[in-house]
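Trainee:
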Amino acid sequence: MLSEPFLTTRPEDGSDIPLLVWRAEAPLLAVGSAPLGGGIGVRGWVVNATVPMSYDREDPAAHLTELADGLGLAGPGVGLLTGVDVTEVVARTDGGVRVWATVGLGMPVWAAAPAPATPAQRVGTVNIVVYVPARLGDAALVNAVATATEAKAQAIWELGLPATGTPTDAVTVLCPADGEPAPYGGPRSAWGAPLARAVHAAVLAGGAGTVVPWSHRVAG
């Protein structure tokens, strides 16, 4: 079981910057694209950390490891970064699947669009954390990430943005490490269908208003 996230802060550059922290009652199997703890493996916690728009560290995994150490989080975990104020996390549940999303759409892009000559500097990250209450096989886990991404893209389209996401989006899917593995995670599978609905609802709700980056809000 993955806990509900709790909100904490860290002192940095004279400000108290928010973080969301999830703890697992027992190690969970996870798959995802997070800068820390991405890939497939057993994970015991998740952190989603707000960073300022001026963030320029080139070692995000090391930075997230430092943050986890400061929080007393031991063992392998998942670390995510976003310019969004993580206090604005949106949670949705469907059929036992739980989803949390922090939604920043300041830099919407089509995945297959030509890359600009100079990358834009605006932070716009959609971070999605999913907990499925049943063991998924490895292929189903990978499929579940694709399903979450498709649902996110559908929500962004319905928000009226000509885009599939932002260049720095991340998805993490977690499930129990034990049990008979479910073979499928697609949008019409037993677990993929509620996952898709929950992700879609969370991203749609999170992107419906004007999202002001945390550092802009602090600067006034």
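Going by UniProt numbering, the first residue of the sequence shown is number 1, and it counts up by one from there.
No residue lacks a Cβ here, since even glycine has one placed at the ideal position from N, Cα and C.
In whole angstroms, what is the alpha-carbon distance linking Arg135 and Ala49?
Mentor: In the sequence shown, residue 135 corresponds to position 135, counting from 1. In the sequence shown, residue 49 corresponds to position 49, counting from 1. Those two C-alpha atoms are separated by around 27 Å.
Trainee: For Trp157, which of helix, strand or coil comes out of DSSP?
Mentor: In the sequence shown, the residue the question calls residue 157 occupies position 157. Three-state result, Trp157: helix.
Trainee: Among the candidates Phe6, His63, Val84, Met53, whose CA atom is the shortest distance from the CA of Gly209?
Mentor: One-based indexing of the sequence shown puts residue 209 at position 209. For the residues Phe6, His63, Val84, Met53, the minimum Cα distance to Gly209 belongs to Val84.
Trainee: Look at the alpha carbon of Ile40 and the alpha carbon of Asp59, and state the distance between them as a whole number of angstroms.
Mentor: Indexing the sequence shown from 1 puts residue 40 at position 40. Indexing the sequence shown from 1 puts residue 59 at position 59. One C-alpha to the other measures close to 21 Å.
Trainee: Please determine, among Leu29, His200, Val21, the residue with the shortest C-alpha to C-alpha distance to Thr164.
Mentor: In the sequence shown, residue 164 corresponds to position 164, counting from 1. Residue His200 is the option with its Cα nearest to Thr164.
Trainee: Quick one: give me the first and last residue of the alpha helix (DSSP H) that Thr50 is part of.
Mentor: To locate residue 50, count along the sequence shown from 1; it is residue 50. Thr50 -> not in any alpha helix (DSSP H); beta strand (DSSP E) instead, spanning 39-50.
Trainee: Taking 7 Å as the threshold (beta carbon to beta carbon), is Gly206 in contact with chain B?
Mentor: In the structure shown, chain B does not exist; there is a single protein chain.
Trainee: In whole angstroms, what separates the C-alpha of Ser113 from that of Val46?
Mentor: Against the sequence shown, residue 113 aligns to sequence position 113. Against the sequence shown, residue 46 aligns to sequence position 46. According to the sequence as given, residue 113 is Ala; it is not Ser. Answer to the nearest angstrom: the Cα atoms are 31 Å apart.
Trainee: Compute the Euclidean distance between the alpha carbons of Pro76 and Leu204, then round it to the nearest angstrom.
Mentor: Residue 76 sits at position 76 when you count from the first residue of the sequence shown. Residue 204 sits at position 204 when you count from the first residue of the sequence shown. Pro76 and Leu204: Cα-Cα distance of roughly 31 Å.
Trainee: Counting only runs of 4+ residues fully inside the segment 45-121, write out the alpha helix (DSSP H) ranges in chain order.
Mentor: As far as the segment 45-121 is concerned, its whole alpha helix (DSSP H) runs of at least 4 residues are 60-70.
Trainee: Tell me the rounded alpha-carbon separation between Gln121 and Tyr55.
Mentor: Taking the sequence shown and counting its residues from 1, one reaches residue 121 at position 121. Taking the sequence shown and counting its residues from 1, one reaches residue 55 at position 55. Note on Gln121: pLDDT 46, under 50, position unreliable in the model; the coordinate value appears next. C-alpha separation (whole angstroms): 10 Å.
Trainee: Under three-state DSSP, which class holds Gly14?
Mentor: On the sequence shown, position 14 is the one that residue 14 refers to. Gly14: coil per DSSP, three-state reduction.
Trainee: What ranges does the beta strand (DSSP E) occupy inside the segment 136-216, keeping only unbroken runs of at least 3 residues that lie completely in it?
Mentor: The segment 136-216 contains these whole beta strand (DSSP E) runs: 170-176.
Trainee: For Thr166, is the classification buried or exposed, using 16 other Cβ atoms within 10 angstroms of its Cβ as the cut-off for buried?
Mentor: Taking the sequence shown and counting its residues from 1, one reaches residue 166 at position 166. When all chains shown are included, Thr166 counts as buried.
Trainee: Would you tell me roughly how many angstroms separate the C-alpha atoms of Arg43 and Pro27, rounded to the nearest one?
Mentor: The residue given as residue 43 occupies position 43 in the sequence shown. The residue given as residue 27 occupies position 27 in the sequence shown. Each residue's alpha carbon lies about 5 Å from the other.
Trainee: Which residue or residues does DSSP assign as beta-bridge partners of Ala30?
Mentor: One-based indexing of the sequence shown puts residue 30 at position 30. In DSSP, Ala30 forms a bridge with Gly41, Leu174.
Trainee: By DSSP, does residue 268 sit in helix, in strand, or in coil?
Mentor: Look at the range of the chain in this structure, 1 to 220, and you will see that residue 268 is not part of it.
Trainee: Rounded C-beta distance between Val109 and Ala101? I'm assuming under 8 Å.
Mentor: Locating residue 109 in the sequence shown gives position 109, where the first residue counts as 1. Locating residue 101 in the sequence shown gives position 101, where the first residue counts as 1. At roughly 18 Å, the Cβ-Cβ gap does not stay under 8 Å, so Val109 and Ala101 are not in contact.
Trainee: Buried or exposed, going by whether 16 or more other CB atoms sit within 10 Å of the CB of Trp22?
Mentor: By one-based count along the sequence shown, residue 22 stands at place 22. Trp22 should be labelled buried.
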